[in-house]
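Only one structure is covered here, and it is reproduced in the block below.
Numbering (this note's numbering), first residue to last: 194 to 569.
Next up, the structure:
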């Protein structure tokens, strides 16, 4: 892998000596409410050491890191068992969007608190009737003499219960892409109600968000009216950058599965074959990721759609293998049993971050040249 070995060595050395805030663990792209305090303290340490928001320009506190350097950092954090950043949305989605489309005041006011971990952001995109098809967003922002009035509902909003700001996609015009605009939403405004959604594994990373007559100032608009689709497409894909680092966790999971099965006398030929297939899948994922990173492929490119499909199917296969290894113990184990938790979380993998169906459409249309998906 064409990664600067000196940079990787620097990261590894820092991670060895960096103190861990109490309760810190690798919680993935989104902290639970219980993880927020430790995650925020960890982001502050990353910022002080120059490892926060690596891809940001230097004049905004980043390192203008290459895709390969960002990937190396993600992998080394996974190996060390720590998150690569406080949360996905602020550094990877909202920050770059504000730099590309935001006003000077928005950039000067909002970027630095993202980098230091002071502000947690959420992404107010998906709705009950508009998840994969964001062009169908119905939340509406109506212009007034004093700004905008927003009414609507969002769902699957990661981190909304603890967020200070939201990146909102709302309809300001007619149907379709051209009628959408993007806004900065302070999450403490009157009219905003956040309801946590309890997941199968007992966590509440996702939320419903209701916006009832929420008043936004004129300065809340990002870019110009009608530019929301450009803003939305600019935010998608970056979470897939860390897919290769997921291979670290998957390999650890296969070790846990093998140990659990052996201790229960369940490591038979069928399970051995399944673990072998999954092991090959993990290395296929990692090799494909390394190739995409080495070629400098941007995280929103089609290569990362391939990675997303491989990652989710492999993750789900590993979840099923864990339950096979546990046998009847899997039916009576508590939710904090790692193999049970992994199986429960695996069910969401083909949906979050862009469904597998959408990824296959992207590959079929952009790579294979197949006809576009018919529009209803």
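Think of the CB as a built atom: it goes at the ideal place given N, C-alpha and C, for glycine as much as any other residue.
> Taking the C-alpha atoms as reference points, what is the distance between residue 446 and residue 532?
Replying inline: Rounded to whole angstroms, residue 446 to residue 532 spans 8 Å at the Cα level.
> Among residues of its own chain, excluding the 5 on either side of residue 219, which ones have a beta-carbon nearer than 6 Å to its beta-carbon?
Replying inline: Correct list, in chain order: 274, 275, 276.
> Rounded to a whole number of angstroms, what is the C-alpha to C-alpha distance between residue 334 and residue 415?
Replying inline: Their backbone Cα atoms lie some 13 Å apart in a straight line.
> So what's residue 554 in DSSP terms, helix, strand or just coil?
Replying inline: DSSP places residue 554 in the helix class (H, G or I) of the three-state scheme.
>> So if DSSP puts residue 320 in a beta bridge, which residue, or which two residues, is it bridged to?
In response: Answer is 323.
> Do you know whose CA, among 281, 323, 296, lies nearest residue 315's CA?
Replying inline: With distances taken between CA atoms, residue 315 lies nearest to 281 out of 281, 323, 296.
> Over what stretch of residues does the alpha helix (DSSP H) that includes residue 291 continue unbroken?
Replying inline: Annotation: the continuous alpha helix (DSSP H) that includes residue 291 extends over 288-294.
> Whose CA, out of 402, 205, 563, 476, lies closest to the CA of residue 386?
Replying inline: Here the closest residue by C-alpha is 402.
>> Going by beta-carbon coordinates alone, are residue 236 and residue 242 separated by less than 8 Å?
In response: With respect to the 8 Å criterion, residue 236 and residue 242 are not classified as neighbours on the basis of their beta carbons.
> For the putative contact between residue 284 and residue 307, defined by C-beta atoms under 8 Å, what is the C-beta separation to the nearest angstrom?
Replying inline: Confirmed, about 6 Å.
> What's the C-alpha gap between residue 381 and residue 357?
Replying inline: Going by the C-alpha atoms only, they are around 7 Å apart.
> Start and end of the beta strand (DSSP E) containing residue 374?
Replying inline: Here the beta strand (DSSP E) through residue 374 covers 373-379.
>> Using C-beta distances below 7 Å, list every residue in its chain close to residue 468, excluding the 5 sequence neighbours before and after it, in chain order.
In response: Excluding sequence neighbours, residue 468 sits near 447, 450, 451, 514.
> Residue range of the alpha helix (DSSP H) that residue 201 falls in?
Replying inline: In the DSSP assignment, residue 201 falls within the unbroken alpha helix (DSSP H) covering 198-210.
> Whose C-beta lies closer than 7 Å to the C-beta of residue 238 among residues of the same chain, with five residues either side of it excluded?
Replying inline: Within the same chain, and ignoring the five residues on either side of residue 238 in sequence, the residues whose Cβ sits closer than 7 Å to its Cβ are 211.
> Is it true that the CB of residue 371 sits closer than 8 Å to the CB of residue 419?
Replying inline: Cβ atoms of residue 419 and residue 371: closer than 8 Å.
> Between residue 262 and the rest of its own chain, which residues show a CB-CB distance below 6 Å, the 5 nearest in sequence each way excluded?
Replying inline: Excluding residues up to 5 positions away in sequence, 200 lie with their Cβ nearer than 6 Å to the Cβ of residue 262 in the same chain.
> Quick one, are the C-beta atoms of residue 366 and residue 408 less than 8 Å apart?
Replying inline: By the CB criterion at 8 Å, residue 366 and residue 408 fall outside the cutoff.
> For the candidate residues 383, 480, 229, 511, whose alpha-carbon lies nearest to that of residue 442?
Replying inline: Answer by Cα proximity: 511.
> Is the Cβ-Cβ distance between residue 455 and residue 495 less than 8 Å?
Replying inline: It is not a contact, given that the beta carbons lie outside the stated cut-off.
> Quick one, are the C-beta atoms of residue 286 and residue 304 less than 8 Å apart?
Replying inline: Going by C-beta atoms, residue 286 is not nearer than 8 Å to residue 304.
> So, is residue 465 buried or exposed, given that buried needs 16 or more other C-beta atoms within 10 angstroms?
Replying inline: Only exposed fits residue 465, as fewer than 16 other CB atoms lie within 10 angstroms of its CB.
> Secondary structure at residue 542, three-state DSSP: helix, strand or coil?
Replying inline: In the structure shown, residue 542 sits in coil (DSSP, three-state: anything other than H, G, I, E or B).
> Taking three-plus beta-carbon pairs below 8 Å as touching, is the segment 497-511 in contact with the segment 547-559?
Replying inline: Taking a cut-off of 8 Å on C-beta distances, the segment 497-511 touches the segment 547-559, as three or more cross pairs fall below it.
> What do you reckon, are the CB atoms on residue 405 and residue 344 nearer than 8 Å?
Replying inline: Residue 405 places its beta carbon less than 8 Å from that of residue 344.
>> Please report the distance separating the alpha-carbon of residue 302 from that of residue 293.
In response: Per the coordinates, the alpha-carbon of residue 302 lies some 15 Å from the alpha-carbon of residue 293.
>> Between the alpha carbons of residue 440 and residue 389, how many angstroms are there, rounded?
In response: Taking the CA atoms as reference points, residue 440 sits about 29 Å from residue 389.
> With distances taken from CA atoms, which of 453, 472, 360 is nearest residue 421?
Replying inline: For the residues 453, 472, 360, the minimum Cα distance to residue 421 belongs to 360.
>> Given this structure, state the Cα-to-Cα distance separating residue 463 from residue 202, to the nearest angstrom.
In response: Looking at the two C-alpha atoms, the distance is approximately 40 Å.
>> Buried or exposed, going by whether 16 or more other CB atoms sit within 10 Å of the CB of residue 319?
In response: Of the residues assessed, residue 319 falls on the buried side of the cut-off, its CB having 16 or more other CB atoms within 10 angstroms.
> How is residue 525 classed by DSSP in three states: helix, strand or coil?
Replying inline: Three-state result, residue 525: helix.
>> Just verifying my parser: in three-state terms, what is the DSSP assignment at residue 561?
In response: In the displayed model, residue 561 falls within coil according to three-state DSSP, outside both helix and strand.
>> Could you tell me the alpha carbon to alpha carbon distance between residue 487 and residue 264, rounded to whole angstroms?
In response: When rounded, the separation of the alpha-carbon atoms in residue 487 and residue 264 is 10 Å.
> CA-CA distance, residue 317 and residue 329?
Replying inline: If you take the alpha carbons of residue 317 and residue 329, they lie about 14 Å apart.
> Can you name, in chain order, every residue of its own chain whose Cβ lies under 6 Å from the Cβ of residue 566, other than the five neighbours on each side?
Replying inline: Only 554 meet the Cβ criterion.
>> Beta-carbon within less than 7 Å of residue 572's beta-carbon, same chain only, minus the 5 sequence neighbours each way: which residues are those?
In response: Because the chain here runs from 194 to 569, residue 572 falls outside it and cannot be looked at.
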